[in-house]
Structures are given as C-alpha cells and as structure tokens.
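Visitor: First residue of the sequence shown: 1, per UniProt numbering; consecutive thereafter. Using N, Cα and C, we set each Cβ at its ideal position, and we do this for glycine too. Note that the structure is a prediction, hence the values are computed from the model and not measured. I have a structure I would like to understand better, so I am pasting it below and will then ask my questions one at a time.
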Amino acid sequence: MALASPVEYAGTITSTQRHNSRFGLPGCNRLQCIRYDKKSRASCQMVVRAIFQDRPQLDFSNPNWKKQFQEEFDRRFSLPHLTDVIDVESRPTTFSLKSRTPLDNVNGSLEESWNGYVNDDDRALLKVIKFASPTSAGAECIDPDCSWVEQWVHRAGPRKEIYFEPQCVKAGIITCGGLCPGLNDVIRQIVLTLEKYGVKNIVGIQHGFRGFFEDHLSEVPLNRHVVQNINLAGGSFLGVSRGGASISDIVNSIQARRLDMLFVLGGNGTHAGANAIHAECRKRKLKVSIVGVPKTIDNDILLMDKTFGFDTAVEAAQRAINSAYIEAHSAFHGIGLVKLMGRSSGFITMHASLSSGQVDICLIPEVPFTLDGPNGVLRHLEHLIQTKGFALICVAEGAGQEYLQKSNATDASGNMVLSDIGVHLQQKIKSHFREIGVHSDVKYIDPTYMLRAVRANASDAILCTVLGQNAVHGAFAGFSGITTGICNTHNVYLPIPEVIKTPRLVDPNSRMWHRCLTSTGQPDFH
C-alpha cells in the first residue's frame, strides 16, 4: 500500500496549521504549528513531533523503498559539473602543500606521494542520529517507523585533477546582502588559496550584484598584499548591497569581464541568485564556475551545522544582554528587554539566552506565545517581579509578528519589512503593570547592527578560513552551482537548490530548545 500523507499516521492536522506552517513549501513536510493568529488559535490543536524529511512519493510496503529513496537522494545531491554541458579536459592539480609555489609541469609523482587530496568518491553522512521513534526529541523521519537510511553527501577539499589552467583564470569575488562578521576573512582566504593554485588575475566586485551594472563601480584588483590585513576589521572590504540587475545582464557582464570563476558570499537570497547565474551560464555553455559561501548571522541555511558570523553575533549579543541584566537587577522592579536579529529563525536569540544564563524569557519566531491571559508572558512577568524582583527578556525580531500590524513593504532583497516587536513589548509591559497598579522600570536595548559590524571571533575566523579554501577547491574541481559548509562536523559540498528551499528553523521539539527552556525556566505561553 502506498504511503498515506503524514497526517494520516501522525495525527489530525487542520487546514489552518498547513496554511501557517513555515515549511509549507512544495516538497517539504514539517508537521508543526509554527505560528498562528488569534482567530486560528483554537484550531492549532496538535503539534506533531517528528519532522518528515523532503522525500519522493514512496510505497513503504515495497521492500526496496530504501533503495529508491537513496537513488533519488543521490540524484538530488549530485554536484553540477562543467563537464555536464561542455567538453573540458582535466589536468593534474597545481595545488600542493609540499611546495612554496604552485606546481608546474606535474607528472603526477608528487601527488601520489602526498595524501592531502580528497577523492571524488569520498562522502560524509548528512544525518548521524538513528531515531528509534517519531516521538523522540528532534526526530527526523523518512517513514512512519523512523527507519535508518544512509544519506551521503560530497566531501569538500582539493582534488588531484583540476579543470582550469590557473595562469589563465580570472576569478571574481562578490559579497551580497547585509554585513556579517567574517566577510573579510573569507575574501582573504579565497585570494590566498587562488594564489596557491597559481591564479594571478583576481578581482573583487564592489557592492554586491550592483557592481555588475553600475558603471562607476570598477573592479578591485586583489592579491596577497591587498588582503593581508583586511581580516582585522569588520564589514566588507568590497562593500555590500541588496538586490541587483537581471540574471541575463549579470551573465552578460561576467562574459564581458571574462570571468572564469565567481565566488558569491551571501545568504538564502544571494544563493538563489547565484544558482540562477549558474543556470544561465550552463544554458550558454560557458566555462564559468559559480560557487557560493553561506553567509548569515541568523544561522538559517538548511543542512549546515552553522554559518559564519553566527558565533560572533551570539558573543556580541552578550554585551547587550549583560547590560540589560545589570539595568534590570539594579532598578526597582526592573525589566530588561533585548531584541536580537532573527527574521524567521531564532538561533541567535536561543543561543545568546543559553550562553548568558541570565535570561528569564526567550521568545523566538518558531514558537508561538500569548501575551495576555493566565498563561501569557505578562502574567509570568508578574510572577518574576513578585518572586525575584526583576526580569530579563530576550526576543527575536521576527517573533510575535501576529500581534503587530503588517506593513506589506519589502526591502531590496524581497524580504518583508518587519514591525518592531521590541517596541511593542516595551509598551505592552509598561501598560500592563500600570493597569494592575504595580511599578515597573523597563529598559529596552536593540543592538541589531552592533552584532553585524564587528570583527569575526576566533571560532568564526577558523570557519571562514575553511570555507574560503574549500570554495576555491570546489571551483578548480570543476563544480558549479554549489555551496560549501559543515555537516555533522565534516566539510562538504552541496547543490545550491537543496539549501535554499526554505530557511532553516529552530525545531521546538529539539534538545537545544529544551535546554533553553530548562535554562530560562519559562513555562509554555499558550
């Protein structure tokens, strides 16, 4: 018998739940009621714990369903290669750590004696936990029994064979979207690694995709001497911007500039643009490798352990949280309120709350909450004031948007402009305590841009170094339309379409969120 929809074996899911699920994109089944408005609250009756992974329609009564799944998985995660559309011969690599300079006229003997290369057939496991049941905390299942199925992805790193002549390569680097700690570290490492291969012609494209069509934004020549110390400062040495020209115009510019490689640093939207550029290059049968490097402090890229800038943002948030704690603790009936970044994902807020240890209430977009009523946030604040004399709240910018009037405006990247939940909470808290006749002193801190503009910390600097190197290795290996990241501590290459289907979200049934609740001691705000 063919598999029924997940609804039929996991419980009753209302149409309201389906409509409001943040994973309501085609091909994705994440059965959780993520957000809902006041009218639909009653219909959100059940949260299904297991996350049923994106999968083809399978007949689980067929004994070969695992094989069918793995074949489809291998097809989806196969890496696009230049040889798919054009005839190009490989040559022995010029990259070696045995020589101070790029290898030349290599006959293969040096590579054979050094085990520093990655085999094209090397794979890393995408998932490493075998869940015994769909009811296990954080369970991610393919079938109703949560069967174990191996899912292998391509290991990142230098190959013995490359598909470009380094001395003839012109490589471009571009940074798009908003600022993020570590951009300069990645730029620097891409340049250094390109030079290790023997590339002499490296340029930076200024201010994101805008640099492809604004005449006054000229290319920035890059080399070791230019980028040597740029990692000591925050921001982007090349500048950033949102939006850009049409894909056709961008590829026209790539052709006019005679670029052979383009390294695109950005988040979900930027990666979608990079994938479109890759597709247009394939359509035109161009020998151009497009490689993404995932950049977002929100940590919301699918399948990856973390993205660069995230650790630094969590660390930078501690200063704001500590300041709010001191203000709240020092005031009579003080309430500290800190708003952190996180449009749809609450990773920064959750991790910052965990690392602080002082936060009493953590509010994130993935977990709905009520403000009023016996189980609301305001009633819990009353309890905190009565029992400890002060309170500290940490809220993500995308949390509680159902309580605010939507503007329907979007930014240059197409993201919806959010209403300010921080100001709304500040006003609601003041109004509530005034109504019940209890004094309160609310201190609101919004450190948003302070988190983005700082220099990468040591953890992120290491990650940026690895990502920058692997991006170059991937391009020389002939891959295009890929991105590089860490999955289960291993560095891998992934096809861009697989990481941009939807933002990665905090799983409200994950152990990490449960740890956060244990730390804050907050109840269920329903």
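#1: Does the separation of the CB atoms of G478 and S90 fall below 9 Å?
#2: Just reading off the beta strand (DSSP E) that C281 is part of, what are its end residues?
#3: Which value, in whole angstroms, describes the spacing of the CA atoms of D215 and N488?
#4: Considering only C-alpha positions, which residue in the set M304, S353 and Q228 is nearest to T520?
#5: Give a yes or no on whether the C-beta atoms belonging to L467 and L303 are separated by under 9 Å.
#6: Would you list the residues sitting across from D441 in a DSSP beta bridge?
#7: If I measure Cβ to Cβ from G172 and keep anything under 6 Å in the same chain, skipping five residues before and after, which residues do I get?
#8: Can you name the start and end residues of the alpha helix (DSSP H) that C487 belongs to?
#9: Identify every run of the alpha helix (DSSP H) within the region 192-278, keeping only runs that are complete inside it and at least 4 residues long; order them along the chain.
#10: Measure the alpha-carbon distance for I393 versus P374 and round it to whole angstroms.
#11: Within 10 angstroms of its Cβ, does H207 collect 16 or more other Cβ (buried), or is it exposed?
#12: Taking the beta strand (DSSP E) that A124 falls in, what are its first and last residues?
#13: Please state whether DSSP places T502 in a helix, a strand or coil.
#14: At which residues does the beta strand (DSSP E) containing L392 begin and terminate?
#15: Beta carbon of F263: closer than 8 Å to some heavy atom of the ligand SAH?
#16: DSSP three-state call for R511: helix, strand or coil?
#17: Which partner residues of C362 appear in the DSSP bridge assignment?
#18: Between the beta-carbon of G422 and the beta-carbon of Y403, is there less than 9 Å?
#19: Assuming contact is defined by CB atoms lying nearer than 9 Å, are D311 and N457 in contact in what I supplied?
#20: Mind checking H526: buried by the 16 CB within 10 Å criterion, or exposed?
#21: Label S345 either buried or exposed according to how many other C-beta atoms from any shown protein chain fall within 10 Å of its C-beta, with 16 as the threshold for buried.
#22: Closest by CA to G267, which one among E72, P503 and V251?
#23: Whole angstroms is fine: what's the gap from D524's alpha carbon to L378's?
#24: For L507 and G357, I'd like the C-alpha separation in whole angstroms.
#25: Please classify H526: does DSSP put it in a helix, a strand, or coil?
#26: How many angstroms separate the CA atom of L126 from the CA atom of D441?
#27: From I301, M341, S253 and G235, pick the residue whose C-alpha is nearest to that of A399; which is it?
#28: Between which residues of its own chain and E161 is the CB-CB distance below 8 Å, once the five residues before and five after are set aside?
#29: Kindly indicate which three-state DSSP category A156 falls into: helix, strand or coil?
#30: Under 9 Å between the Cβ atoms of K430 and L371?
#31: With DSSP as the reference, identify every bridge partner of S289, one or two as the case may be.
#32: So what does DSSP say about A171, is it helix, strand or coil?
#33: Which of the three DSSP states, helix, strand or coil, is assigned to I297?
#34: Are the beta-carbon atoms belonging to Y197 and V88 less than 9 Å from one another?
#35: CB N184 to CB G235, shorter than 9 Å?
#36: Give the secondary structure of C516 by DSSP, where H, G and I count as helix, E and B as strand, and everything else as coil.
Guide: Checking against the coordinates, here is how it stands:
#1: yes
#2: Counting along the chain, C281 falls outside any beta strand (DSSP E), though it belongs to the alpha helix (DSSP H) covering N268 to K283.
#3: 43 Å
#4: S353
#5: no
#6: G334
#7: V203, I205, L259 and L262
#8: Per DSSP, C487 belongs to no alpha helix (DSSP H); it is in the beta strand (DSSP E), I482 to C487.
#9: 224-227 and 247-257
#10: 18 Å
#11: buried
#12: R123 to L125
#13: coil
#14: A391 to A396
#15: Although the ligand SAH was asked about, the structure shown includes no ligands whatsoever.
#16: helix
#17: C394
#18: no
#19: yes
#20: exposed
#21: buried
#22: P503
#23: 13 Å
#24: Rather than Leu, the amino acid found at residue 507 in this sequence is Asp. Distance between the alpha carbons of D507 and G357 is about 21 Å.
#25: coil
#26: 48 Å
#27: M341
#28: S90, R91, P92, T93 and A477
#29: coil
#30: no
#31: M261
#32: strand
#33: coil
#34: no
#35: yes
#36: helix
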